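Residue numbers (UniProt numbering): 1 to 638.
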């Protein structure tokens, strides 16, 4: 059966048009495509340019029409509230039709943007699917982002409406959303007319506080979700072109300016249906529990869209891997909902292991329904892989992908056949992704030689088609460095068996508990402190979070300040401007930073020293004494 994977991979590589037209038959079209790929705008590509469809139909209507309306579509399991709510396909369709009617009644139409700023509650999935029903383009922003970051996204995609809630619930606190939304609107250049608020008990702020306030001289309508749905007219689906944007999802850029990844409709639907069949082996009657957040690409693809497109049951979990109430909560969810496939991040598994080294709390539950555990978000280290494999006794699959690609670049394709696993590797490239290793000049490298991981163009369906409003930035960022290839920004190698090993980022974007964050953006914040002359932020290896940010600051000449107080102020600045998701805690005052003669700070060398790795001092270093003085400060951070 390994031959089945190889046959699929070879066909997708050698004849992608035939391969993907066949895969496209797995979804429902209003106008079935006859053309697979439009390459007239190289290096930009469009999949199924003559096709028309609606994604909410593929996620809901077609299953109801096929007689599966009584099957459970979505299970909302809130560890924060201690409640479980289930929606059948028919019930979820009704909720989506009604909220689509709310949006349509407020004037939202095909092509308009709607920004969704919600916690892990059913309204998040309903709002996303309602936008898809209208052909409106949604942009989901993770609830932990600070108002400044939210404002940047409002300014960039110019939504006509925002859908939010009273707030999010953490184990130790309530996070108020409404003040953050109001502040973001005051900082943005909004086209926002309406803010629709899902009320939650226990929060200090209510929409009534904002209803009569102008923001930047503009009157914005603050509306109650429940009240609006009482009078809304259910709305049918609007067919859109396959190439029509489904959503914009922002990811950090190395400049600190967010990049709005644009996902199309038909290519995405096709890729997700294919991935559920070939990679995750999830089908109608199965239950998928993806422990992520709808603010991330994993939540978009494998909480909301893919499980529903496949006709399976999806679990929407509001809680943490530990502390709600303990490190056995994943086992409880698996047992309670008869989960067949689970997806989480290595960070979550490391947190579980730290709290419960033997995994006894999870193992105390009935896990017999679980067939496979998929892990992505950052590299699955061998220790964590072995811990999970021993604990569960099922395939533990590291799958590697990015916000940009929308679905796995490399994975063990369980739906085709389980390949032998190798700890530290996400196994082999998925059919559709022609992964190659190139050097800085674009030359292809041999097996086991580390270099830039690239994907030969065209990218398969489901990957980003451009960046919002900026084709040129898309080309410059991803497609121009190595001709004919998409640059992933990661380095690694392919071994003699064709297994991929991803070694780390080649840029200065770090991965903190699954959040991709720009060190450049953090450095801008550190540099804004009046006492700081220059600074560097590097990502250090962290056993629990994958990476953690560590800041180094040089004070302005003549500045006298209490270092402990300075550190507190800088940490508070990062929390204010980047958000709590950065988990920024470490600041070290240094006399100078090591640089090349051209002025480039040697961040990679600093990171290697701090992580205890071998390093080579670049010949272009300006002053080796600076690095020597820094060594005692860096080494304790390892």
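The beta carbon of each residue, even a glycine, is placed where N, CA and C say it ideally should be.
Predicted, not measured: the structure shown is a model, and the values here were computed from it.
Per DSSP, the unbroken alpha helix (DSSP H) holding residue 332 starts and ends at 329 to 337.
With distances taken between CA atoms, residue 207 lies nearest to 227 out of 503, 227, 216 and 191.
Going by DSSP, residue 539 is part of no alpha helix (DSSP H) but of the beta strand (DSSP E) stretching over 532 to 542.
Taking C-beta atoms as the reference points, residue 491 and residue 408 fail to come closer than 8 Å. The Cβ neighbour count for residue 264, taken over all protein chains shown within 10 Å, is at least 16; the residue is labelled buried. Non-local beta-carbon contacts of residue 365 in its own chain, meaning distances under 8 Å to residues more than five positions away in sequence, involve 328, 331, 332, 334 and 335 in chain order. Checking the DSSP bridge columns, you'll see residue 456 partnered with 485. A direct Cα-to-Cα measurement between residue 103 and residue 162 gives close to 10 Å. Taken through DSSP and simplified to helix, strand or coil, residue 245 comes out as strand. Ranking 62, 540, 83 and 60 by CA distance to the CA of residue 324 puts 83 first. Residue 353 counts as buried, since no fewer than 16 other beta carbons sit within 10 angstroms of its beta carbon. By DSSP's assignment, residue 490 forms a beta bridge with 505. For residue 268, the uninterrupted alpha helix (DSSP H) run begins and ends at 266 to 278, by DSSP. A contact is defined here as three or more CB-CB pairs under 8 Å, and the segment 269 to 287 meets this definition with respect to the segment 337 to 351. By the neighbour-count criterion, in which a residue is buried when 16 or more other Cβ atoms sit within 10 angstroms of its Cβ, residue 585 is exposed. Under the three-state reduction of DSSP output, residue 282 falls in the coil class, being neither helix nor strand. When rounded, the separation of the alpha-carbon atoms in residue 269 and residue 175 is 34 Å. For residue 99, the enclosing alpha helix (DSSP H) has its first and last residue at 89 to 105.
Residue 510 is bridged by DSSP to 517. Fewer than three pairs of CB atoms, one per stretch, sit closer than 8 Å, so the segment 426 to 434 makes no contact with the segment 286 to 302.
Scanning the segment 375 to 399 from its first residue to its last, the whole alpha helix (DSSP H) runs of 4-plus residues come out as 382 to 392. Residue state for residue 172 is assigned as coil, using DSSP reduced to three classes. Judged by DSSP in its simplified three-state form, residue 6 adopts helix.
Bounds of the beta strand (DSSP E) holding residue 138 are 137 to 140. The residues 36, in chain order, have a CB closer than 6 Å to that of residue 21 in the same chain once the five nearest residues on each side in sequence are set aside.
Under the three-state reduction of DSSP output, residue 565 falls in the helix class.
The straight-line gap separating the alpha-carbon atoms of residue 139 and residue 121 is approximately 16 Å. Here residue 551 carries a strand assignment [DSSP, helix/strand/coil].
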